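Residue numbers (UniProt numbering): 1 to 246.
Have a look at this one:
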């Protein structure tokens with residue numbers, strides 16, 4: 001079997017397992033997000049290094065839920081150069097408090113924190129800060145990975161231990177899934193495709209729940225379709241109290 005087929009098979013198997021084992025957690029997350037929106041609260045998402053991709057994927061995009069607010073951490077997105085700096089920054093204590101204290105996060109808002117290993121200092125401190133402020137924490141993480149590593153935070157806690165809800169991307173320790181003869185390490189990570197799929201599924205369910213409650217959810221129309229700019233600008237103005245990235 002070619003590596004292309006092997007990777008597609010690995011992705012499919014992991015997504016099938018996630019759907020089977022994580023459907024309850026995804027439903028629970030959708031319910032929390034719908035309740036938050038209905039009561040006027042805000043939804044935020046953040047992550048360090050490659051985990052910042054989850055935040056980039058689900059905000060300000062065609063078909064995306066307008067009320068998802070990203071928090072991009074300084075020095076911990078893939079625009080950072082040199083990229084190796086992101087690995088160092090996510091282990092520095094104090095950065096989470098410095099960033100979150102400058103955001104409008106408030107009690108009963110929701111913060112989704114993505115960290116596949118869940119062990120580094122910044123994701124743990126993000127969760128600690130949020131919990132202390134009465135913010136609900138959702139962890140997008142891998143329990144297989146996180147359960148097999150030690151925390152790098154002084155509390156000894158890993159992200160999943162501080163979350164109200166855990167969305168488990170499953171996968172394998174180290175994230176990379178393919179062993180190839182002649183290569184000493186594995187390649188082809190699973191977490192991005194799995195986590196993005198979970199987030200879009202959760203958001204779609206959230207939108208459906210809001211519709212069932214008589215609330216018309218604000219969803220972006222592609223700016224490359226006729227009327228897209230007008231549609232989006234109207235919704236950005238209408239929901240500006242729950243949007244914090246304009």
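Beta carbons are placed, not taken as given, at the ideal position from N, Cα and C, and that holds for glycine.
Note that the coordinates shown come from a computational prediction; the quantities given were computed from them, not determined experimentally.
Inter-residue CB distance, residue i and residue j (contact presumed, cutoff 8 Å)
| i | j | result |
| --- | --- | --- |
| residue 77 | residue 93 | Residue 77 to residue 93, Cβ: 19 Å. No contact. |
| residue 124 | residue 85 | Actually they are not in contact, since the Cβ atoms of residue 124 and residue 85 sit about 20 Å apart, beyond 8 Å. |
| residue 47 | residue 54 | 5 Å |
Inter-residue Cα distance where the pair is residue i and residue j
| i | j | result |
| --- | --- | --- |
| residue 144 | residue 200 | 22 Å |
| residue 100 | residue 128 | 11 Å |
| residue 88 | residue 3 | 32 Å |
| residue 232 | residue 209 | 21 Å |
| residue 1 | residue 181 | 13 Å |
| residue 50 | residue 20 | 26 Å |
| residue 91 | residue 243 | 29 Å |
| residue 103 | residue 213 | 29 Å |
| residue 9 | residue 98 | 42 Å |
| residue 171 | residue 190 | 6 Å |
| residue 36 | residue 169 | 23 Å |
| residue 61 | residue 109 | 22 Å |
One or two residues paired with residue i in a DSSP bridge
| i | result |
| --- | --- |
| residue 44 | 69, 111 |
Proximity to residue i [Cα-Cα], best of the options
| i | options | result |
| --- | --- | --- |
| residue 117 | 136, 83, 135, 141 | 141 |
| residue 165 | 121, 30, 174 | 30 |
| residue 154 | 83, 115, 120, 235 | 120 |
| residue 42 | 32, 67, 225, 56 | 67 |
Secondary structure of residue i, DSSP reduced to three states
| i | result |
| --- | --- |
| residue 178 | strand |
| residue 87 | helix |
| residue 218 | coil |
| residue 140 | strand |
| residue 169 | coil |
| residue 103 | coil |
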